[in-house]
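Student:
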Amino acid sequence: MRGQSESGRSDGGPSTAIDPVAPAVAEAARKLAEASDVTLFAHINPDADALGSALALGRALRRRGCTVRVSFGKPELPPFSLRDLDGDGLVVPANEVPAAPPLLVVCDTGSLQRLGRLADRVPATIAAGGEVIVIDHHVSNTRYGTLHVVDEHAEATVMIVLRLLDELGEELDLPIARCLYAGLVTDTRSFRHASAWTHRVAGRLLEAGVDPEATTRPLLDTHPFGWLSMLSGVLGEAELETAAAQGLGLVHATVRLAQSDGLRSEDVDSVIDVVRTTSEAEVAAVLKETAPQQWSVSLRADSRVDVGHAAAACGGGGHRLASGFTAQGPAEDIIAALRKALDEAPLLD
Numbered sequence: 001m002r003g004q005s006e007s008g009r010s011d012g013g014p015s016t017a018i019d020p021v022a023p024a025v026a027e028a029a030r031k032l033a034e035a036s037d038v039t040l041f042a043h044i045n046p047d048a049d050a051l052g053s054a055l056a057l058g059r060a061l062r063r064r065g066c067t068v069r070v071s072f073g074k075p076e077l078p079p080f081s082l083r084d085l086d087g088d089g090l091v092v093p094a095n096e097v098p099a100a101p102p103l104l105v106v107c108d109t110g111s112l113q114r115l116g117r118l119a120d121r122v123p124a125t126i127a128a129g130g131e132v133i134v135i136d137h138h139v140s141n142t143r144y145g146t147l148h149v150v151d152e153h154a155e156a157t158v159m160i161v162l163r164l165l166d167e168l169g170e171e172l173d174l175p176i177a178r179c180l181y182a183g184l185v186t187d188t189r190s191f192r193h194a195s196a197w198t199h200r201v202a203g204r205l206l207e208a209g210v211d212p213e214a215t216t217r218p219l220l221d222t223h224p225f226g227w228l229s230m231l232s233g234v235l236g237e238a239e240l241e242t243a244a245a246q247g248l249g250l251v252h253a254t255v256r257l258a259q260s261d262g263l264r265s266e267d268v269d270s271v272i273d274v275v276r277t278t279s280e281a282e283v284a285a286v287l288k289e290t291a292p293q294q295w296s297v298s299l300r301a302d303s304r305v306d307v308g309h310a311a312a313a314c315g316g317g318g319h320r321l322a323s324g325f326t327a328q329g330p331a332e333d334i335i336a337a338l339r340k341a342l343d344e345a346p347l348l349d
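Quick note on full-length UniProt numbering: the sequence shown kicks off at 1 and runs consecutively.
1. Using only the alpha-carbon positions, how far apart do D136 and A301 sit?
2. Could you tell me which of A154, H153, I133, E152 sits nearest to Y144, measuring between CA atoms?
3. Using 10 angstroms around the beta-carbon of F72, count the other beta-carbons present and answer buried if the total reaches 16, otherwise exposed.
4. Are V275 and A284 close, meaning C-beta to C-beta below 7 Å?
5. Buried or exposed: where does A291 fall if 16 or more other Cβ atoms within 10 Å of its Cβ makes it buried?
6. Starting from the C-beta of E6, find all residues in its chain whose C-beta is less than 7 Å away, skip the five residues before and the five after it, and write them out in chain order.
7. Does G58 pass the burial test, meaning 16 or more other C-beta atoms within 10 Å, or should it be called exposed?
8. When you compare only the Cα positions, how much space is there between D343 and Y181?
9. Would you kindly work out how many angstroms separate the C-alpha atoms of V92 and K340, rounded to a whole number?
10. With burial defined as no fewer than 16 other Cβ atoms inside 10 Å of the residue's Cβ, what is the status of T186: buried or exposed?
11. Tell me the rounded alpha-carbon separation between L147 and E27.
12. Secondary structure at R265, three-state DSSP: helix, strand or coil?
13. I'd like to know whether the C-beta atoms of D261 and H223 end up nearer to each other than 7 Å.
14. Count the other CB atoms within 10 Å of the CB of E213; is the residue buried (16 or more) or exposed (fewer)?
15. Using the Cα positions of R2 and A94, report the straight-line distance between them to the nearest angstrom.
16. Around the Cβ of L184, are there at least 16 other Cβ atoms within 10 angstroms (buried) or fewer (exposed)?
17. If you check the beta carbons only, do E241 and L248 fall under 7 Å apart?
18. How is Q246 classed by DSSP in three states: helix, strand or coil?
19. For T254, does the three-state DSSP call read helix, strand or coil?
20. Three or more C-beta pairs closer than 8 Å, one from the segment 37 to 50 and one from the segment 96 to 112: is that the case here?
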């Protein structure tokens, strides 16, 4: 659980006395309340927190009579496990997004690079006099918009979106609550990294009608049979380096294109949650080949090594216990660069 936060509460919730995010929440709510056309972005290869945030806010805005579209740079369609969240048909292909939306909301995206081919919409919107509201909980957020609702103490971006919905006076109906719960349960590792306040928020979502088993199982506990074969091959070639990460240990595995053929992106992404269970290593890394010698790298730490710092050194970003980056070249070279970054990363108390 987190300690005393900048919000002035030990339970992670916003304080009525000291809440540095409150002015940005109020200003964002005012702009959204006045808007008639809003475009919402999630990062490339969206997860439940990014897409759930965009869809929850998008549904609320559509109920207010606003024209709403939700999109992301890749892939063309939402991950299979997240498609049921878009009950309103808000998601549109990237090529249908206006060149310069009048009001753009970017969810759970720490930098422009994480928007992929939609990144150019941000400077275009600003140049045309529009607004870009960035809603995020990453400490590494680069503040690339015109208004930043960034709370690094929030366990998930959906927590900030819920604050916006409350500020707007919006009803927490079941479809919105499901989107928020999906982001919350995944970004907190099934509430293992969650404050008392976050558990209270989860209670609100359950009271709104969310079925936790029905919502969580497709996200975390469902894979096709072919996943077992892929996992067997990948784990059989995993390597443990006990001297790496400043002597705290690194375990790493590689998922090559041939191994992931026919599987969904979320199936490949789930490998890190198995690799990270290695008791002899503080840090886990999974290299996922997305094209020949092009990689998406996921990093996780148990408690002490700041993998957000290590990811930033490799051109990526994220949180201190969960982060990632992209890279090109032989897998061995990427692991070598990662070793160096981990040896230089801060150790946490």
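Idealized CB from N, CA, C, for every residue including glycine. Values in this document were obtained by computation on a predicted structure and should not be read as measured data.
Tutor: Let's see:
1. Their Cα atoms are separated by approximately 21 Å.
2. Nearest option by C-alpha distance: I133.
3. With 16 or more Cβ atoms within 10 Å of its Cβ, F72 is classed as buried.
4. The answer is yes: Cβ separation under 7 Å.
5. Of the residues assessed, A291 falls on the exposed side of the cut-off, its CB having fewer than 16 other CB atoms within 10 angstroms.
6. Here the model assigns E6 a pLDDT of 33, short of 50, so the residue's position is not dependable, and the following value carries that caveat. P20, H153.
7. Its Cβ being crowded by 16 or more others within 10 Å, G58 is buried.
8. C-alpha separation (whole angstroms): 36 Å.
9. Just so you know, the alpha carbons of V92 and K340 end up roughly 41 Å apart.
10. Around the Cβ of T186, a 10 Å sphere holds 16 or more other Cβ atoms; the residue is buried.
11. If I take the Cα positions, the gap works out to 8 Å.
12. In the sequence on display, residue 265 carries Ser and not Arg. S265: helix per DSSP, three-state reduction.
13. Between D261 and H223, the C-beta spacing is not below 7 Å.
14. It is exposed - the Cβ of E213 has fewer than 16 other Cβ atoms within 10 Å.
15. Any reading at R2 must be qualified, since the residue scores a pLDDT of 31, below 50, and its modelled position is unreliable; no value is offered.
16. With 16 or more Cβ atoms within 10 Å of its Cβ, L184 is classed as buried.
17. Taking C-beta atoms as the reference points, E241 and L248 fail to come closer than 7 Å.
18. DSSP places Q246 in coil when its eight states are reduced to three.
19. Secondary structure of T254 (DSSP, three-state): strand.
20. With a cut-off of 8 Å, the segment 96 to 112 and the segment 37 to 50 count as touching, because enough Cβ pairs lie within range.
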